[in-house]
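To start, the structure under review is shown below, and the notes come after it.
Number of protein chains: 4
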Amino acid sequence: MSKIPYINNLEEWRSDFKFSIPINIRFSETDMFGHVNNVSPFIYFEEGRIEFMKSVGLFGNLSNDQNDVIPIVADLQCDYHKQMYFNDEINLFIKVNEIGISSFDMHYMALDKHNEICLTGRGRIVSISPANGKPVPLSDEMKQKLLET
Amino acid sequence: MSKIPYINNLEEWRSDFKFSIPINIRFSETDMFGHVNNVSPFIYFEEGRIEFMKSVGLFGNLSNDQNDVIPIVADLQCDYHKQMYFNDEINLFIKVNEIGISSFDMHYMALDKHNEICLTGRGRIVSISPANGKPVPLSDEMKQKLLET
Amino acid sequence: MSKIPYINNLEEWRSDFKFSIPINIRFSETDMFGHVNNVSPFIYFEEGRIEFMKSVGLFGNLSNDQNDVIPIVADLQCDYHKQMYFNDEINLFIKVNEIGISSFDMHYMALDKHNEICLTGRGRIVSISPANGKPVPLSDEMKQKLLET
Amino acid sequence: MSKIPYINNLEEWRSDFKFSIPINIRFSETDMFGHVNNVSPFIYFEEGRIEFMKSVGLFGNLSNDQNDVIPIVADLQCDYHKQMYFNDEINLFIKVNEIGISSFDMHYMALDKHNEICLTGRGRIVSISPANGKPVPLSDEMKQKLLET
Numbered sequence: 228m229s230k231i232p233y234i235n236n237l238e239e240w241r242s243d244f245k246f247s248i249p250i251n252i253r254f255s256e257t258d259m260f261g262h263v264n265n266v267s268p269f270i271y272f273e274e275g276r277i278e279f280m281k282s283v284g285l286f287g288n289l290s291n292d293q294n295d296v297i298p299i300v301a302d303l304q305c306d307y308h309k310q311m312y313f314n315d316e317i318n319l320f321i322k323v324n325e326i327g328i329s330s331f332d333m334h335y336m337a338l339d340k341h342n343e344i345c346l347t348g349r350g351r352i353v354s355i356s357p358a359n360g361k362p363v364p365l366s367d368e369m370k371q372k373l374l375e376t
Numbered sequence: 228m229s230k231i232p233y234i235n236n237l238e239e240w241r242s243d244f245k246f247s248i249p250i251n252i253r254f255s256e257t258d259m260f261g262h263v264n265n266v267s268p269f270i271y272f273e274e275g276r277i278e279f280m281k282s283v284g285l286f287g288n289l290s291n292d293q294n295d296v297i298p299i300v301a302d303l304q305c306d307y308h309k310q311m312y313f314n315d316e317i318n319l320f321i322k323v324n325e326i327g328i329s330s331f332d333m334h335y336m337a338l339d340k341h342n343e344i345c346l347t348g349r350g351r352i353v354s355i356s357p358a359n360g361k362p363v364p365l366s367d368e369m370k371q372k373l374l375e376t
Numbered sequence: 228m229s230k231i232p233y234i235n236n237l238e239e240w241r242s243d244f245k246f247s248i249p250i251n252i253r254f255s256e257t258d259m260f261g262h263v264n265n266v267s268p269f270i271y272f273e274e275g276r277i278e279f280m281k282s283v284g285l286f287g288n289l290s291n292d293q294n295d296v297i298p299i300v301a302d303l304q305c306d307y308h309k310q311m312y313f314n315d316e317i318n319l320f321i322k323v324n325e326i327g328i329s330s331f332d333m334h335y336m337a338l339d340k341h342n343e344i345c346l347t348g349r350g351r352i353v354s355i356s357p358a359n360g361k362p363v364p365l366s367d368e369m370k371q372k373l374l375e376t
Numbered sequence: 228m229s230k231i232p233y234i235n236n237l238e239e240w241r242s243d244f245k246f247s248i249p250i251n252i253r254f255s256e257t258d259m260f261g262h263v264n265n266v267s268p269f270i271y272f273e274e275g276r277i278e279f280m281k282s283v284g285l286f287g288n289l290s291n292d293q294n295d296v297i298p299i300v301a302d303l304q305c306d307y308h309k310q311m312y313f314n315d316e317i318n319l320f321i322k323v324n325e326i327g328i329s330s331f332d333m334h335y336m337a338l339d340k341h342n343e344i345c346l347t348g349r350g351r352i353v354s355i356s357p358a359n360g361k362p363v364p365l366s367d368e369m370k371q372k373l374l375e376t
């Protein structure tokens with residue numbers, strides 16, 4: 228595996244994940260090259276991100292008052308380490324890697340049944356006010372929840 | 228081509244189409260069998276349906292007052308006649324086949340560059356009141372527009 | 228529920244399903260109308276069809292010899308009875324409704340957590356020889372497997 | 228626009244694009260938040276990447292002999308600068324930003340009809356031998372073609 232900018236120490240980075248979901252690769256998510264299409268991992272990242280947010284009670288609710296803020300995906304990236312195929316048993320791991328004032332980084336890792344890394348990735352989530360589109364600081368309670376998982 | 232329930236006379240049915248759009252098959256819409264995935268035609272039907280509705284000035288507006296009614300897809304069906312592949316030049320034809328009191332049938336036909344039929348299909352659109360979810364009769368003006376194309 | 232051409236007696240038809248899978252609605256499968264996009268049910272039908280075929284040992288194997296025949300989707304149709312939303316708990320039921328010489332009909336029914344019907348559908352699968360593209364009669368063993376489930 | 232790691236000088240970076248394709252946003256590519264889903268830009272990047280490769284005569288052909296090498300997407304990333312909506316007129320620009328021994332970086336930029344940046348992105352393509360999965364040096368002819376556009 229070549230050097231990934233968002234991973235300093237691979238063993239440490241990898242062992243830091245706690246939350247995961249099984250990924251159900253759909254036939255329509257493969258392509259004519261016979262494997263999972265390059266777009267599909269971002270579908271899985273979205274699914275994992277939402278399940279993670281639900282698990283910490285923050286889906287559709289980034290502050291005490293649900294209407295105060297909404298989470299926006301600022302960027303996303305994915306490194307393709309190993310081809311995935313239909314019927315592969317894939318687990319997607321998700322963690323919060325870094326928390327800023329009004330945003331945080333989520334990291335992603337997909338492992339196959341041999342525990343080999345198929346995908347790694349990351350993306351920044353920004354807490355935004357729907358009223359004016361400006362970033363809103365994360366509450367302490369929220370930061371706590373994100374860090375606990 | 229075996230008998231299709233919604234086509235009485237194929238030549239007549241086929242010659243009745245006037246409106247069409249080119250279909251741009253995306254790589255992610257193929258699957259590991261090497262051809263266009265069975266789900267993808269319904270993406271194309273949706274694109275064609277919307278372009279048709281725009282062309283007659285009825286997209287997002289099934290009556291004189293835009294908020295009176297919304298169009299709902301009641302059912303959809305597709306017959307697969309010939310495999311489609313990435314890079315194929317496909318044209319999708321759309322027509323209104325039958326107009327009822329508060330609904331109408333749209334028919335679909337996809338031709339390849341040899342003018343051979345790859346797909347045929349149909350689906351019913353119902354005009355609904357968002358307030359109570361009940362069907363709303365189509366206005367005469369609306370019926371006129373649908374028939375003209 | 229209005230009359231569906233492929234359902235004679237709804238109660239009977241419904242009670243005849245045995246096999247089902249839970250459907251995991253993905254966020255990317257919703258659309259700007261706020262509900263599950265009209266294309267998405269065909270993704271679920273494909274997933275259900277494949278899981279059903281696996282469960283009877285016929286996925287990628289429609290005869291004794293795996294390379295003799297391949298299954299082809301000849302047509303698909305879906306009736307939309309009730310809107311589905313992200314986070315809805317949906318179960319998709321699949322059954323073989325009718326077996327012909329070289330093809331069979333699969334029927335689909337999606338229920339929400341109140342056991343209300345959201346979708347019904349059907350589609351024909353034809354057993355084809357990859358060598359010449361012609362239909363191949365289903366073996367007795369194969370028919371047996373399809374009927375048992 | 229906040230600092231993007233792969234863009235040094237925005238004006239320079241932007242003016243360096245020559246090749247573009249119009250993007251046809253599909254209704255099924257929106258989501259329940261009302262805008263284009265976060266996954267969809269990667270569909271557009273793939274479409275743009277392939278059209279670019281075709282335009283330089285390198286699609287399905289990274290060397291003189293078509294079977295020698297295949298292009299593999301090593302990584303992909305996207306920064307979301309401005310929401311996109313159904314019916315928006317979007318142009319996607321693609322360029323080769325940097326050529327290495329056996330790989331090159333493609334950069335992406337999506338502009339709306341006001342010429343405002345909606346998306347920026349990049350991703351590495353590696354030239355691989357299908358026989359052993361190892362990187363294969365790009366030929367001089369190939370490098371020439373990639374640089375000319």
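Residue numbers (the numbering used here), protein chains in the order written: chain B, 228 to 376; chain G, 228 to 376; chain H, 228 to 376; chain Y, 228 to 376. Don't be surprised by glycine CBs; every beta carbon is placed ideally from N, CA and C. Quick caveat: nothing in here was measured; it's all calculated off a predicted structure.
**Request:** Flag this pair as yes or no: are the beta carbons of P377 (chain G) and I317 (chain G) separated by less than 8 Å?
**Result:** Past the boundaries of the shown model lies residue 377 (chain G); chain G is included only from 228 to 376, so the question cannot be answered.
Enumerate in chain order the residues of its own chain whose CB-to-CB distance from S267 (chain Y) is below 6 Å, with the five nearest sequence positions on each side excluded. E256
Quiz prompt | Closest by C-alpha distance to A301 (chain Y), when choosing among Y:I352, Y:N265, Y:F254 and Y:I270 | solution = Y:I352
Compute the beta-carbon to beta-carbon distance between M333 (chain B) and N342 (chain B), rounded to the nearest angstrom, for a pair I have assumed lies under 8 Å. No, M333 (chain B) and N342 (chain B) are not in contact; Cβ-Cβ is about 21 Å, not under 8 Å.
(Q) I need the straight-line Cα distance from C345 (chain B) to S356 (chain Y), nearest angstrom please. (A) 19 Å
| request: Starting from the Cα of F272 (chain H), find the closest Cα among H:L285, H:I231 and H:N251 and give me that residue. | output: H:N251
With respect to 7 Å, is the separation between the Cβ of G327 (chain G) and the closest non-hydrogen atom of the ligand HEM below this value? Absence of the ligand HEM is noted for the structure shown, with no ligands found whatsoever.
* Asked: Given N291 (chain Y), which residues of its chain have a CB within under 6 Å of its CB, disregarding the five upstream and five downstream residues?
  -> With a pLDDT of 45 at N291 (chain Y), under the threshold of 50, the modelled position of this residue cannot be trusted; read the value that follows with caution. Once the five neighbours on either side are set aside, N291 (chain Y) has no close Cβ partner at all.
Only counting the same chain, and skipping five residues up and downstream in sequence, which positions put a Cβ closer than 7 Å to that of N243 (chain H)? Reading off the sequence shown, one finds Asp at residue 243 (chain H), where the question assumed Asn. Cβ neighbours of D243 (chain H) beyond the five flanking positions: K322.
Item to complete: Note down the Cα distance separating S282 (chain B) from P298 (chain B), rounded to an integer number of angstroms.
Response: 16 Å
7 Å CB neighbourhood of W240 (chain B) in its chain, flanking five on each side removed
I234
**Asked** In whole angstroms, what separates the C-alpha of L237 (chain B) from that of P362 (chain H)?
**Response** 53 Å
ask   = If you measure from the beta carbon of F254 (chain G) to each beta carbon in chain Y, is any gap under 8 Å?
value = yes
On the DSSP bridge list, what partners appear for V216 (chain Y)? No statement about residue 216 (chain Y) is possible, as the shown extent of chain Y runs from 228 to 376 and does not include it.
- Task: Spatial neighbours of D315 (chain B) within its chain, please: CB distance less than 7 Å, with the 5 preceding and 5 following residues excluded, ordered by chain position.
- Result: I252 and D339
* To do: Please compile the residues from chain G whose C-beta is within a distance smaller than 7 Å of the C-beta of N264 (chain B).
  => S255
query: What does T363 (chain Y) touch in chain B if you count any residue whose Cβ is under 7 Å from its own?
result: The amino acid occupying residue 363 (chain Y) in the given sequence is Val; Thr does not appear at that position. Correct list: empty, because the minimum Cβ distance to chain B is about 16 Å.
On the CB-based measure, 16 or more other CB atoms within 10 Å of its CB, does E368 (chain Y) come out buried or exposed? exposed
(message) So G275 (chain H) contacts chain Y; which residues on that side make the cut at Cβ distance below 8 Å?
(response) Those do not exist, as G275 (chain H) stays about 19 Å from chain Y at its closest Cβ, beyond 8 Å.
*Looking at chain Y, which residues of the segment 300–311 of chain B have a Cβ within less than 8 Å of any of its Cβ atoms?*
V300, A301, D302, L303, Q304, C305, D306 and Y307
Would N251 (chain B) pass as an interface residue toward chain H - the criterion being a Cβ-Cβ separation below 8 Å?
yes
If you follow the alpha helix (DSSP H) that Q371 (chain Y) is part of, which residue opens it and which one closes it?
D367 to E375
Practice item. Give the residues of chain G in contact with I297 (chain Y), contact being defined as C-beta atoms less than 9 Å apart. Key: Chain G residues near I297 (chain Y): none, gap ~14 Å exceeds 9 Å.
How long is the line joining the alpha carbons of F320 (chain Y) and K372 (chain H), rounded to whole angstroms?
53 Å
**OP:** Please list, in chain order, all residues of the same chain as G284 (chain G) whose beta carbon is under 8 Å from its beta carbon, the five residues on each side excluded.
**Re:** K372
Euclidean distance between Cα positions of M259 (chain G) and I277 (chain H): 14 Å
Give the straight-line distance between the Cα atoms of I231 (chain G) and I270 (chain G), rounded to the nearest whole angstrom. 21 Å
Margin query: Distance cutoff 8 Å, beta carbons only. Does F269 (chain Y) sit that close to anything in chain B?
Written below: yes
(Q) Could you tell me which whole alpha helix (DSSP H) segments of length 4 or greater appear in the segment 253–281 of chain Y? (A) none
In its own chain, which residues sit with a C-beta less than 6 Å from the C-beta of K370 (chain Y), not counting the 5 before and 5 after it? I326
>> Within a Cβ cutoff of 6 Å, which residues of the same chain sit near F279 (chain G), ignoring the five residues on either side of it in sequence?
In response: F246 and I321
**Buried versus exposed call for G350 (chain G) [16 or more other C-beta atoms within 10 Å across all chains shown]** = buried
>> Can you find the residues in the same chain that come closer than 8 Å, C-beta to C-beta, to G261 (chain G), ignoring five residues on each side of it along the sequence?
In response: Y312
Quiz item: Would a C-beta distance cut-off of 8 Å place T347 (chain B) and D295 (chain B) closer than the cut-off?
Solution: no
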